[in-house]
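Novice: Protein chains in written order, with the numbering used here: chain A, 1 to 244; chain B, 245 to 464; chain C, 465 to 684; chain D, 685 to 932; chain E, 933 to 1180.
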Amino acid sequence: TAKQSNDMDLLRQIQEKGELVIATEGTWAPWTYHNQDDQLVGFDVELGKLIADKLGVEAVFVEAEWDSLFAGLDAGRYDLVINGVEITDERKEKYDFTEPYAYIKTAIIVENSNDSIHSFEDLEGKQTANTLASTYATLAESYGANPTGVDDLSQTMELVLSGRVDATLNAEVSYYDYIKEHPNASIKIAALTTDASFVSIPLRKNENTESLMNEINKIIMELKESGELSELSNQYFGVDLVNQ
Amino acid sequence: MNERLIEILIDSFWKIVVPGLTMTIPLTIISFSIAILLALFIAMMQMTNNKILNQIARFYVWIIRGTPLLVQLYVIFYGLPNLGILIDPFPAAVIVFALNTGAYDSETIRAAIEAIPKGQLEAGYCVGMTTPQIMIRIVLPQALRIAFPSLSNSLISLVKDTSLASNITILEMLMATQRIIARTYEPFALYCEVGLIYLIICTVLTKLQHKLESTFKLEY
Amino acid sequence: MNERLIEILIDSFWKIVVPGLTMTIPLTIISFSIAILLALFIAMMQMTNNKILNQIARFYVWIIRGTPLLVQLYVIFYGLPNLGILIDPFPAAVIVFALNTGAYDSETIRAAIEAIPKGQLEAGYCVGMTTPQIMIRIVLPQALRIAFPSLSNSLISLVKDTSLASNITILEMLMATQRIIARTYEPFALYCEVGLIYLIICTVLTKLQHKLESTFKLEY
Amino acid sequence: MLKIKNLRKTFGNNTILKSIDLDVNKKDVVMIIGPSGSGKTTLLRCINLLAHADSGILNFDDEVYELDKVTKKDSLKIRKRTGFVFQSFNLFRNKTALQNVTEGLIVARKMSKEKANEIGKESLDKVGLSQRYDYYPHELSGGQQQRVAIARAIATKPELILFDEPTSALDPELTHEVLSVIQDLAAEGMTMIIVTHEMEFAKKIGTKIVFMDQGEIIEANDVTTFFNHPKENRTKQFLQSINQNKTV
Amino acid sequence: MLKIKNLRKTFGNNTILKSIDLDVNKKDVVMIIGPSGSGKTTLLRCINLLAHADSGILNFDDEVYELDKVTKKDSLKIRKRTGFVFQSFNLFRNKTALQNVTEGLIVARKMSKEKANEIGKESLDKVGLSQRYDYYPHELSGGQQQRVAIARAIATKPELILFDEPTSALDPELTHEVLSVIQDLAAEGMTMIIVTHEMEFAKKIGTKIVFMDQGEIIEANDVTTFFNHPKENRTKQFLQSINQNKTV
Ligand SMILES: Nc1ncnc2c1ncn2[C@@H]1O[C@H](COP(=O)(O)OP(=O)(O)OP(=O)(O)O)[C@@H](O)[C@H]1O
Ligand SMILES: Nc1ncnc2c1ncn2[C@@H]1O[C@H](COP(=O)(O)OP(=O)(O)OP(=O)(O)O)[C@@H](O)[C@H]1O
Ligand SMILES: [Mg+2]
Ligand SMILES: [Mg+2]
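1. Checking contacts by CB at 7 Å: is D/H736 closer than that to chain E?
2. Considering only their Cβ atoms, is the gap separating A/P100 from A/F198 smaller than 7 Å?
3. Looking at ligand 1, does it come within less than 6 Å of D/G826, judged from the CB to the closest heavy atom?
4. For chain A, find out if any of its Cβ atoms is closer than 7 Å to the Cβ of C/A557; answer yes or no.
5. Name, going along the chain, the residues of the stretch 398-420 of chain B whose beta-carbon falls closer than 8 Å to a beta-carbon of chain A.
6. Select from E/F1018, E/V1155, E/D1096, E/Q1077 the residue whose C-alpha is nearest the C-alpha of E/H1129.
7. Using a threshold of 6 Å, is the CB atom of E/K972 nearer than that to any non-hydrogen atom of ligand 6?
8. So, are the CB atoms of B/N344 and B/L313 less than 7 Å apart?
9. Looking only at its own chain, which residues have a Cβ that is under 7 Å from the Cβ of D/Y819, when we skip the five neighbours before and after it?
10. Let's see if you can read the secondary structure: which residues bound the beta strand (DSSP E) around D/F895?
11. In chain D, which residues lie less than 7 Å from B/T374 when you measure between Cβ atoms?
12. If you pair each beta-carbon of the stretch 1106-1115 of chain E with each one of the stretch 1047-1060 of chain E, do three or more pairs fall below 8 Å?
13. Would you kindly check if the distance between the Cβ of A/A102 and the Cβ of A/I242 is under 7 Å?
14. Are the stretch 665-675 of chain C and the stretch 161-176 of chain A touching, with three or more C-beta to C-beta distances below 8 Å?
15. Which residues, taken in chain order from the stretch 810-829 of chain D, show a beta carbon closer than 8 Å to some beta carbon of chain B?
16. List, in chain order, every chain C residue whose beta-carbon is nearer than 9 Å to that of B/F303.
17. Please compile the residues from chain B whose C-beta is within a distance smaller than 8 Å of the C-beta of D/T840.
18. Using a Cβ-Cβ cut-off of 7 Å, state whether B/L286 counts as contacting chain D.
19. Report yes or no: do three or more beta-carbon pairs, one from the stretch 897-917 of chain D and one from the stretch 703-711 of chain D, lie closer than 8 Å?
20. Less than 8 Å between the CB atoms is what I'm expecting for D/V754 and D/L727, so what's the real figure, rounded?
21. In terms of alpha-carbon separation, which member of A/K180, A/G149, A/Y178, A/E231 lies closest to A/V165?
22. Verify the contact flag: E/E1071, CB atom, against every heavy atom of ligand 2, threshold strictly below 6 Å.
23. For the alpha helix (DSSP H) that contains E/Y997, what are its first and last residues?
24. Is it the case that the Cβ atoms of D/G723 and D/L701 are separated by a distance below 7 Å?
25. DSSP three-state call for C/R522: helix, strand or coil?
26. Keeping to the same chain, check which residues put their C-beta closer than 6 Å to that of B/E247; ignore five residues upstream and five downstream.
27. Determine whether the beta carbon atoms of D/T766 and D/L844 lie at a separation below 7 Å.
28. Suppose the cutoff is 7 Å on Cβ atoms and the five residues either side in sequence are ignored; what does the same chain contact list for D/T875 look like?
29. Would the C-beta of D/Q771 count as close to ligand 3, meaning under 6 Å from any of its heavy atoms?
30. Give a yes or no on contact between the stretch 396-411 of chain B and the stretch 256-272 of chain B, applying the rule of three or more CB pairs nearer than 8 Å.
31. Just confirm the distance between the C-beta atoms of C/Y655 and B/V315, as a whole number of angstroms; I'd bet it's less than 8 Å.
32. Note down, in chain order, every chain C residue with its Cβ under 8 Å from the Cβ of B/V315.
33. Please classify E/E1097: does DSSP put it in a helix, a strand, or coil?
34. Using a beta-carbon distance below 7 Å, is C/I645 in contact with chain A?
35. Any chance the CB of E/I965 is under 6 Å from a heavy atom of ligand 1?
36. Could you spell out where the alpha helix (DSSP H) holding C/Y538 opens and where it closes?
Shown next, in the form of structure tokens:
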């Protein structure tokens, strides 16, 4: 864990320690998860390593529950959270966000035989489920659905499959990942958002993080331009989520 | 604390309290009531001379205490549908919490019964009472008084354990909190807020415990 | 069950057991040992005539029982750094679990002490023993026997509650399981597997409980 | 009405009662005397099945029980017909004096609460406790507790009452009172077995004396024969020690 | 050595002891007699501070204690110098007979275990329990428990022993034995206060008789005067009832 005093530039602290402490869930494939050899991998993890590399320091990953990531960030235990965090206006009030490094579309996933949902408007009065740590509940509610939450993605899929809910909202890429593991699962995408939301790295809002923010922004731009990031995306998602 | 945070906390107060009133508290009360009855029953079963009843009770306590509540919720909610049994979230939660708390409480009650001197039971026999009659009128009133603080422990734990019901789509206080955190990214402050609300509920229970404890004080 | 699933379950077995052996079990044992000492201490404090000690003990039990374990973990791990106190995950977990279990257990022990007839204490006074001496040699040996099943409850609960340590970056069994679920999307099977591993640990504890219970059987 | 044959009782390796035979007729007042630890309490406990004898046969009226094979039903049956006053009283700790007496009436004998209270108060009055109806056991003195125990046993009007040292905690005045209560019961035809250390008491209301030592019945006889013409040496020795106590 | 002045004790609204005055000299054997519920046990409990008197002054040798303001330290001091035999024995349930006796020696008097065992066995032998060292209380008969309680109190060789009906559960033979133990203690100069219902016993070893009724000391006198020339009517009545018991 990082031990740091609040009155010193974060970038300088990181460079002095020689390590960048990155917090991530480690339980959200393909963003951040453990492969069969139990190594922490994923799109976010690779990005973190690249950033640390470019800063000339070592990447140290810390894994915790989703909400603990932010508690630890606030407490100064971690330098960064890289965990597929979507930018919203409300969140911007809390954190400064770097350049987006990916975009995602939200999908409505339903049981194969479900014929009643073809668009977000069809969610009106329907029962939906989503993971707690997400913005999906707000989204579903805005279309008049009745959202309940559970802890993880697999639970939401179970709920759809057992018919306990009509649909689940989730990242399109998560659906594909699930299908990869369960090719025979009787689910399908019923609709996709037209506007993508952007994924970025949140930083604590204070002047100490400014130089780090600039540095990371530079690095993300570089990675985008060089195509490295797209390559990573293809590797993990099978599609390029970097350039819309 | 900045203004934004204060606003969030105020705004979220009712969003957390409402599921507390409509879900956490009813779920706790219903489950606990069933659990206590179950626990009495199981404690009795463990103490009879009937080997089969004995084994059944021991098996139940062993399985339930031995596995995490979360897994029990999974089995009932996500496992049973495979056998064609689809139970709604609320009854499923009641079943699991009652079964779970009942197993723990049965051990507490058994211990308390064993703490009552045998002479009490024997005196009951000698005035012609049957074992169940003695249990209900003589032994249990004394035993429950001894078990009381431990049973309060289990009730107060249950209040907070019901938060696991979020795993089976029940919107209780912790889930309500986590929803707000997902939006605002203020886990620490919001967890402290929900902690405070739990504290209020548990304060009522603790006061009640102390009140009942002194009302039913037994001296010997 | 299909082959893929079986493979996943076999493959994950050690991935779950190892953190169980290196984290869940040590964390439980260390925290529980401290908790019992703390509980004895607090129970005594609650029973002295010293009003101040009384209030302190009551306050401690009230706050700890009243708030969720999760919130306590948050306060120690994510809250204290704001005051410049940065505790590593493992010691932080030990502190929280010991404080938490200690509060509950102190109530159990207090109840058990109150179940011992006053004559035992008085007889101790009459042979010139001091209150602490009587407690240690006469009252507690009897009280702990009564409290034993409830204390086992709390130990067995603790085994499973340590899974909350994943919130403060500690890799224990449940977190290990969730990692595998994140990759394989097989929550039901994997939760059943981890449930079984918990069951094995708790079986050992239950057996130990029954063994000790019959060894220290008290009759009167 | 009660016949015991060859009753044996062991605790671990210790044989506490060795082949006890005892005959009790209707209206008998059998006094069991004997040194501390000789097995008197254990014998009473075996009779109403609180203790499990290792072997032996019990005739209660015309029903025959093998003591090593009694069922719960047998126990309940025998206990409904007997009363028991424990040496250590064993009052229900969560019940008042009056409730201690009425409990058996209301629950086991299905009596109405009013009727039970009436009888309960009557019984407590008999033993001089009219001032203590609503006291809990821990608020009563030793002698008061003992009297509640006596009241509890006689209230149910059983056919046979087993008293285990019923006057041990009582002063001479009260002993006198309790004695007259027991005498009244005897007059009403109640059968009783009484363990006691008070020889005056034994002489006064006993119809039969049983002297026990080390788990055996050394001598059993009617009162006058027993005290005036003891047969066994052990008995003589015991009786002698009593007289010794008396000489100041 | 012990002087009590104006001791008062209430439970709720009931005054259990009303202005008790009592003088005990060194080597006195004070016998307290009186009906059940008269406050004898409560008086003993007030003397060694197990019960809190509402008011009163206690002189123990030259130390003066105000009974409504005693500290823990005072209690410990007084209790280290006194022994107590409870009416209900109160044996330590988790200790064997021998351990019951040695506990106070080892813990409170810091005696070595060997020495304590030696004394413990000696004390148990004195009361005829050499066969029961390793029995737990629940394995002992009533009389055996009472004797353990006596052994426990005398083992510490205190300056003052308070006995609450020490022979209530004992047969005449044993009463005789315990009596001689107490006589030996008296001979050794031990001061004792003994609550008893056995008048023979009181006559035999008492140096002083205190007769209590309804929380008051009705009459206190030396043995012969008390029994032969009682002053108060209440006393006469009480003594009469004793003689009544004797006539068969
Ligand atoms: N905790 C209590 N609350 C109310 N009354 C009590 C309490 N303890 C004792 N008493 C009353 O105080 C009186 C005196 O009791 P105490 O035990 O001193 O009598 P005693 O002379 O020792 O009688 P005994 O010979 O029967 O042992 C009794 O009438 C009893 O009911
Ligand atoms: N649970 C037990 N385990 C071992 N021995 C026991 C047990 N219960 C009783 N005994 C022994 O059995 C013997 C007889 O006990 P019992 O209580 O019948 O004696 P008693 O004649 O009633 O004596 P007392 O007059 O002292 O009451 C005693 O020596 C006692 O130590
Ligand atoms: Mg006996
Ligand atoms: Mg008394």
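Yeah, the Cβ is synthetic: ideal placement off N, Cα and C, and Gly gets one too.
Specialist: For this structure:
1. no
2. yes
3. yes
4. no
5. S410, N411, I412, T413, I414, L415, M419
6. E/D1096
7. Absence of ligand 6 is noted for the structure shown, with ligand 1, ligand 2, ligand 3 and ligand 4 being the only ligands found.
8. yes
9. T780, A781
10. 892-897
11. L760
12. yes
13. Looking at the sequence provided, one finds Val at residue 242 of chain A rather than Ile. Yes; because the gap between Cβ atoms is below 7 Å, this pair is in contact.
14. no
15. Y820, P821, H822
16. Correct list: empty, because the minimum Cβ distance to chain C is about 11 Å.
17. V371, G372
18. Per the sequence presented here, residue 286 of chain B reads as Ile, with Leu not at that position. No, B/I286 lies away from the interface with chain D (no Cβ there is under 7 Å from its Cβ).
19. yes
20. Their Cβ separation, rounded to whole angstroms, is 16 Å, which puts D/V754 and D/L727 out of contact at 8 Å.
21. A/G149
22. yes
23. Careful: E/Y997 lies outside any alpha helix (DSSP H), inside the beta strand (DSSP E) at 995-998.
24. yes
25. helix
26. none
27. yes
28. M685, V708, K710, K711, D712, E843, L844
29. yes
30. yes
31. 5 Å
32. Y655, C656, V658, G659, Y662
33. coil
34. yes
35. no
36. 533-538
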